[in-house]
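Engineer: Adding 8 to a residue's 1-based position in the sequence shown gives its number in this note's numbering. Built from N, CA and C at the ideal position, the CB exists for glycine as well.
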Amino acid sequence: MQRRVGLGLACAALVTLAVVLWRGDVESTGTATWISVVSAVVSAFAFVADLLNGLGDGDPPDPADRRRHAADALAEAVRSQWAAEAQLRRLQDPEPLSVRWSRVGPPLADHQGNIHRRLPPPPRDGDQQLGRVVQAFAAVPSRRLVVLGGPGAGKSILAVQFVLGMLTTRQPGGPVPVLFPLAGWNPQALTLRAWLAERLAAEYRTLAARSGDGTLARDLLDAGLVLPVLDGFDELPRPAHGEAMRRLNAELDERLPVLLTCRTTAWTRAVQAGDVLTAAEVVELRRLDFGTARTYLERTARPDGRGSTSWTPVLQASPGPLTEVLGTPLMVAMARTVYGDTSRDPAELLDAARFPTAESIEEHLLDAFVPAAFGDAPGSTWRPDAAHRWLRRLARDLDGPAPDRHAPDGRPRRRGTWRLAWWELPDAMPRALRVTGPALTALLATAALLVPLAWYGKGIVGNWDSPLSMVLHFTGIFAGLCCGFACLLPARADTPQGPRRLARMAVTLIAVAAPLAVVAGLLAPPLFGLRLGDAITPRPVWFFNGCAFGLILSMLFAVAGLPRHPPPLGLPWAGSASGLGTVRALAIGLAVAGPVLLTVRLVVPAVTCLAAGLLLFLAGLRHAERATTQFTGPAAVLRGFGTGLLRGFLVCSLIGVAASAVVGGIVGVCAAYEVRSAPALGNGQRIDGWYVRVAAGGIRTVESRKPYAGELLPRGPRIMPLAVPRHGGIAYNGRTPEPFHQPVRIRMEHSGPVLITAGRPRADAWNVVSELPPGVRLWLAYRSTPAVIADVVVPLAEFGVLIGAIGGCASGVYRALSTPSDTLRAAGPQSTLRTDRAATKARSAIAAVLAGGVCLALIPVVGNGGALGTMHTELWVPLGTSSLALSAWGRLGTARIWLAVTGRAPWRLMAFLEEAHRRGVLRQSGAHYEFRHLRLQQRLAGAAEDERRAAPAPVP
């Protein structure tokens with residue numbers, strides 16, 4: 009029934025609109041008003057209908073069911089992630105290395121009675137296989153298992169096999185094994201559960217959803233639905249080992265089992281500094297015996313006609329250093345990759361002069377691994393030496409300081425991670441470039457539309473009087489955007505947006521704008537009031553206008569919640585058949601609205617609707633990554649839009665009016681000071697050919713007995729034409745001027761200066777008085793100080809309300825559609841990038857359409873001939889274009905250029921990372937990349953640091 013009512017309302021509105029267009033005067037203001045009214049009524053009815061429909065969506069899901077569903081989704085994501093990585097690591101090609109382990113007792117482990125609790129301990133046979141780790145874990149009553157081993161002994165491989173093995177035996181609703189690299193935990197600042205919840209919410213975005221007083225990730229941990237696999241206890245700083253052990257013993261319980269891996273030497277130090285892990289079974293991976301390594305390498309190498317391989321003579325010689333190196337699975341895998349190509353001969357490892365020690369052989373294998381991985385395909389896109397250099401730089405950047413994150417002592421935190429997220433790559437840029445890069449991108453995107461509209465739009469937006477003025481204006485916009493992005497935007501999407509922060513934003517905006525107002529007031533005080541359109545503008549004012557424009561845009565984006573470090577976006581309707589249908593229907597509606605607007609010669613809105621409809625339709629066709637919040641219907645999106653619209657309108661209006669009042673007051677005071685210094689002139693006195701008189705009622709007039717050369721510019725029906733000096737430096741905006749050359753009289757009326765000439769209509773003389781001699785100009789502008797200030801403050805206050813109307817639309821759209829991508833079930837980094845690009849374009853298109861609708865409704869009220877000029881249109885256009893630079897996709901574009909120019913990465917960065925993943929150098933974890941092994945990353949990062957200290961980075 010509700011759907012039928014909605015369709016009936018829509019049909020009635022369309023019929024009404026068609027009748028108005030058919031019967032009415034398409035050029036009249038009334039028709040435009042009718043269009044706006046009908047559109048507003050349709051939008052209001054649709055919003056109310058969907059809102060009422062959303063009230064019957066049903067009761068919220070049971071918390072226990074929600075946790076079970078989240079755990080099952082998490083298990084699916086973890087299984088897909090590590091099954092793919094096991095395949096890329098060639099764990100089954102031809103079969104896993106036969107790594108064995110044995111149990112360890114005190115002092116590295118607890119008392120056997122605490123571990124096995126009256127049960128007889130299993131025999132210490134020293135011959136347990138790697139594949140039996142799941143059974144060994146299940147046999148421990150406390151469900152705590154510690155796996156020790158040397159560097160490269162296979163601890164991470166065991167962790168992966170344990171995760172896959174536990175997932176194989178897991179029942180729906182059961183605990184999910186999740187692998188956590190411990191390198192990012194600071195036990196002195198965060199509890200174990202808090203850190204686990206933080207990492208779960210960061211890496212699996214759906215678990216960041218609110219649940220009670222915390223997040224869904226914390227709920228899963230507290231409910232015992234997460235089995236942490238903590239990989240790399242030895243990667244924690246040595247002073248933190250004791251505190252970390254105390255945290256583990258204090259927080260682990262029957263609801264939080266654990267499997268932990270660590271190097272044997274680090275575990276020994278930790279136990280000596282603190283305590284053993286209570287009731288935990290401890291096992292140690294044994295070194296590979298040489299026979300196992302020899303068999304594996306020979307079976308994976310290419311045999312000749314006699315059945316021998318290139319490894320056969322090398323392994324028969326069995327030199328001491330090589331035998332020691334091949335005792336770890338990591339080095340065996342490295343040796344297989346490095347010498348898997350016939351162009352290299354492992355016999356070089358027998359050269360005692362080059363490789364006198366086992367350490368030198370290990371460093372050689374680590375250094376040669378990346379070139380070997382990229383060197384097996386003739387004619388490959390990526391040269392091995394270049395790939396090696398780029399990965400060294402990326403490895404070093406991963407361990408750099410994390411922006412906007414600080415330790416309790418105030419020092420910047422280091423990333424200390426081996427996860428590489430494409431949306432965090434811009435963080436590797438210098439701080440200044442992280443601000444100027446998006447600002448420049450926003451400026452270029454805005455200029456790409458504003459410049460053609462100014463040149464060919466016939467007054468849709470104001471044009472510049474010269475190319476120099478255009479350059480100054482855009483330079484000011486760039487400066488304003490840089491300052492606004494740095495000072496106004498929240499750091500991250502989860503930054504609280506409470507009243508205190510909004511008040512701080514308003515104070516910051518006023519503090520930045522006030523000095524600009526002082527300089528502008530001193531250079532060009534508005535003696536006859538302020539006008540934002542159809543005015544001769546001094547060159548310096550173009551720059552300050554641009555600065556104000558950039559600050560306003562930044563404020564709108566800040567209120568809308570766009571952060572400096574945005575996460576990848578998802579499409580809210582992805583994965584929902586009804587959502588995709590709704591989006592396609594909306595896209596078709598926008599596409600149909602384009603030709604309708606074109607019939608009434610609203611070219612720019614028509615093109616905007618057509619472009620938005622196309623982008624939205626393409627987004628509706630894409631099988632994209634899911635968003636973190638499940639799509640429940642249009643009502644939920646509309647409720648988010650309505651909340652953001654109301655909040656954005658109120659906040660933007662308050663901040664806009666407050667900042668405009670302060671700026672207007674400062675500029676008005678400067679103008680009043682100038683006006684009050686006007687000379688005292690007698691009635692009929694002549695100055696530079698102009699006669700001053702005071703007419704009846706105290707109205708001041710000036711007359712020119714000599715012919716005055718000027719032009720009249722039409723401004724629309726029932727609007728006074730604009731008088732300008734001949735060649736006065738004002739943009740015609742497609743209008744045909746009417747020249748005149750005759751004596752004129754200028755009257756200072758209540759509405760402003762009016763030019764009167766014989767045989768011609770009265771004209772707005774605002775631009776003519778600006779060319780009068782200084783004494784005459786000041787005398788004509790003389791009035792009370794409050795009146796001078798009010799003539800400046802009132803137009804700016806009106807502009808503040810306009811900012812609120814347009815900012816409300818932007819805030820509603822961005823808050824309703826800015827849903828982070830679901831990296832939990834992401835198919836990969838490339839997929840999340842494509843989804844973010846589609847979501848960003850769709851979001852910007854909808855924001856531009858709604859802001860354009862507000863502008864169309866304001867045109868009959870404000871008019872292009874008013875004090876605000878075309879500012880409503882000039883604000884509308886950048887709302888869609890500039891926001892592209894504040895998306896994860898837009899910031900990545902800036903980072904790509906910087907990384908390529910500085911030699912840190914290739915131009916085709918994402919393709920290169922995907923190739924590195926395919927060749928086994930990187931592994932994929934949802935939407936992240938990781939280096940294959942932390943030791944490989946550390947070696948690459950160390951080599952890059954040595955190279956940086958030795959010489960500047962080469963530019964390819």
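#1: Among R344, A403, S895, which residue has its Cα nearest to the Cα of A924?
#2: Hey, how far is the Cα of L883 from the Cα of L810?
#3: Using a threshold of 8 Å, state whether the C-beta atoms of V675 and V800 are closer than that.
#4: Residue range of the alpha helix (DSSP H) that R226 falls in?
#5: Y937 and P837 - do their beta-carbons sit closer together than 8 Å?
#6: Nearest to A341 by alpha carbon, out of G950, R940, A462?
#7: Does the distance from the C-beta atom of A325 to that of S318 stay below 8 Å?
#8: Applying the criterion that 16 or more other CB atoms from any shown protein chain within 10 Å of the CB defines a buried residue, is N691 buried or exposed?
#9: Put M756 into one of helix, strand or coil per three-state DSSP.
#10: Hey, out of A688, A813, P438, G888, whose CA is closest to A850's CA?
#11: From the DSSP output, which residues share a beta bridge with D239?
#12: Going by alpha carbons, who is nearest to A566 out of G529, F557, A620, G492?
#13: If you drop the 5 nearest sequence neighbours on each side, which residues of the same chain put their C-beta closer than 6 Å to that of L215?
#14: Does DSSP classify Y212 as helix, strand or coil?
#15: Of all the options P185, V184, L228, V168, which has the alpha carbon lying nearest to the alpha carbon of R74?
#16: For D349, count neighbouring Cβ atoms within 10 angstroms of its own Cβ and tell me buried if that reaches 16, exposed if not.
#17: Compare the C-alpha of L373 against each of A343, A355, R401, R362 and name the closest.
#18: Report the partner residues of I854 according to the DSSP bridge assignment.
#19: Using alpha carbons as the reference points, say which of P769, L730, V821 lies closest to V777.
#20: Tell me whether Q974 is buried or exposed, calling it buried when 16 or more other Cβ atoms sit within 10 Å of its Cβ.
#21: I need the straight-line Cα distance from G621 to V600, nearest angstrom please.
#22: Could you give the C-beta distance for R655 and S819, rounded to a whole number, given that I count them as a contact under 8 Å?
#23: Out of P548, R255, G652, G240, point me to the one whose CA is closest to C817's CA.
#24: Determine whether the Cβ of C678 lies closer than 8 Å to any Cβ atom of chain C.
#25: Tell me whether the beta-carbon of S685 lies closer than 8 Å to the beta-carbon of L786.
#26: Have a look at P245, G299, A258 and flag the residue whose alpha-carbon is nearest the alpha-carbon of W275.
#27: Could you tell me if L876 is buried or exposed, where buried requires 16 or more neighbouring beta carbons within 10 angstroms of its beta carbon?
#28: Would a C-beta distance cut-off of 8 Å place V86 and T269 closer than the cut-off?
#29: Leaving out five residues on either side along the sequence, give the residues of the same chain with a beta carbon under 7 Å from the beta carbon of W430.
#30: Any idea if H749 is buried or exposed, counting beta-carbon neighbours within 10 angstroms, 16 or more meaning buried?
#31: Would you mind giving the Cβ-Cβ distance between G240 and A191, rounded to the nearest angstrom? I have them listed as a contact below 8 Å.
#32: What residue ranges within the stretch 277-311 form continuous alpha helix (DSSP H) runs of no fewer than 4 residues, ordered along the chain?
#33: On a Cα-Cα basis, can you pick out the residue from R713, A688, R708, A447 that is closest to D696?
#34: Please determine if the stretch 856-866 and the stretch 429-449 are in contact, where contact requires at least 3 C-beta pairs separated by less than 8 Å.
#35: Please list the segments of the alpha helix (DSSP H) lying wholly inside the stretch 530-610, counting only runs of 4 or more residues, in order along the chain.
#36: Comparing C-alpha positions only, which one of Y347, A361, S368 sits nearest to V378?
Structural biologist: Reading it off the structure:
#1: Residue mapping note: residue 924 aligns to position 916 of the sequence shown, counting from 1. When each option's Cα is compared against that of A924, the closest is A403.
#2: Position 875 of the sequence shown holds residue 883. Position 802 of the sequence shown holds residue 810. Each residue's alpha carbon lies about 9 Å from the other.
#3: Looking up residue 675 in the sequence shown gives position 667. Looking up residue 800 in the sequence shown gives position 792. Their beta carbons are under 8 Å apart, which means V675 touches V800 by this criterion.
#4: Here residue 226 refers to the residue found at position 218 of the sequence shown. Where R226 is concerned, the enclosing alpha helix (DSSP H) stretches over 224-230.
#5: Numbered from 1 along the sequence shown, position 829 holds the residue referred to as residue 837. Numbered from 1 along the sequence shown, position 929 holds the residue referred to as residue 937. Yes; because the gap between Cβ atoms is below 8 Å, this pair is in contact.
#6: One-based indexing of the sequence shown puts residue 341 at position 333. It is R940.
#7: Translated into positions along the sequence shown, residue 325 becomes position 317. Translated into positions along the sequence shown, residue 318 becomes position 310. No.
#8: Looking up residue 691 in the sequence shown gives position 683. Looking at its Cβ environment, which holds fewer than 16 other Cβ atoms inside 10 Å, N691 is exposed.
#9: For the purposes of this step, residue 756 is identified with residue 748 of the sequence shown, where counting begins at 1. Reduced to three states, the DSSP call for M756 is strand.
#10: Reading the sequence shown from its first residue, position 842 is the one you call residue 850. Measuring from the Cα of A850, the nearest candidate turns out to be G888.
#11: Your numbering for residue 239 matches position 231 in the sequence shown. Partner(s): P189, T269.
#12: By 1-based counting over the sequence shown, the position of residue 566 is 558. The shortest C-alpha separation from A566 is found at G492.
#13: The sequence position of residue 215 within the sequence shown is 207, counting from 1. Closer than 6 Å at Cβ, skipping near neighbours: L208, A209, L224, A225.
#14: What you label residue 212 is simply residue 204 of the sequence shown in a count that begins at 1. Collapsing the DSSP output to three states places Y212 in coil.
#15: Here residue 74 is taken as the residue at index 66 of the sequence shown, counted from 1. Among P185, V184, L228, V168, the Cα nearest to that of R74 is on L228.
#16: Within the sequence shown, residue 349 is the residue found at index 341, counting from 1. Label assigned to D349: exposed.
#17: For the purposes of this step, residue 373 is identified with residue 365 of the sequence shown, where counting begins at 1. For the residues A343, A355, R401, R362, the minimum Cα distance to L373 belongs to A343.
#18: Along the sequence shown, read from residue 1 onward, the residue named residue 854 stands at position 846. DSSP lists no partner for I854.
#19: Mapped onto the sequence shown, residue 777 falls at position 769. Out of P769, L730, V821, L730 has the C-alpha closest to the C-alpha of V777.
#20: Outside the displayed range of the chain (9 to 964) lies residue 974, so it cannot be described from this structure.
#21: Translated into positions along the sequence shown, residue 621 becomes position 613. Translated into positions along the sequence shown, residue 600 becomes position 592. Cα to Cα, the separation comes out at about 9 Å.
#22: Residue numbering aside, residue 655 sits at position 647 when the sequence shown is read from its first letter. Residue numbering aside, residue 819 sits at position 811 when the sequence shown is read from its first letter. Rounded, the Cβ-Cβ distance is 6 Å, consistent with contact.
#23: Within the sequence shown, numbered from 1, the residue matching residue 817 stands at position 809. Measuring from the Cα of C817, the nearest candidate turns out to be G652.
#24: Considering every chain present, this structure includes no chain C. It has just one protein chain.
#25: In the sequence shown, residue 685 corresponds to position 677, counting from 1. In the sequence shown, residue 786 corresponds to position 778, counting from 1. Going by C-beta atoms, S685 is nearer than 8 Å to L786.
#26: Residue mapping note: residue 275 aligns to position 267 of the sequence shown, counting from 1. That would be P245, whose Cα lies nearest to the Cα of W275.
#27: Position 868 of the sequence shown holds residue 876. With a pLDDT of only 48 at L876, under the threshold of 50, the placement of this residue in the model should not be trusted, and no figure is reported.
#28: Indexing the sequence shown from 1 puts residue 86 at position 78. Indexing the sequence shown from 1 puts residue 269 at position 261. Not a contact, by the Cβ cut-off of 8 Å.
#29: Translated into the one-based positions of the sequence shown, residue 430 becomes position 422. Close CB contacts of W430 within its chain, under the 7 Å cut and outside five residues either way in sequence, are with P837, L841, L900, M918 (chain order).
#30: As a first step, residue 749 must be located in the sequence shown, where it is residue number 741. Around the beta carbon of H749, fewer than 16 other beta carbons lie within 10 angstroms, which makes this residue exposed.
#31: The residue you call residue 240 lines up with position 232 of the sequence shown. The residue you call residue 191 lines up with position 183 of the sequence shown. The C-beta separation of G240 from A191 comes to about 6 Å, placing the pair in contact by the 8 Å criterion.
#32: 298-308
#33: As a working mapping, residue 696 is identified with position 688 in the sequence shown. Among R713, A688, R708, A447, the Cα nearest to that of D696 belongs to R713.
#34: no
#35: Taken in chain order, the complete alpha helix (DSSP H) segments of 4 residues or longer contained in the stretch 530-610 are 547-567, 585-607.
#36: If you number the sequence shown from 1, residue 378 lands on position 370. Checked all of Y347, A361, S368; the closest Cα to V378 is Y347.
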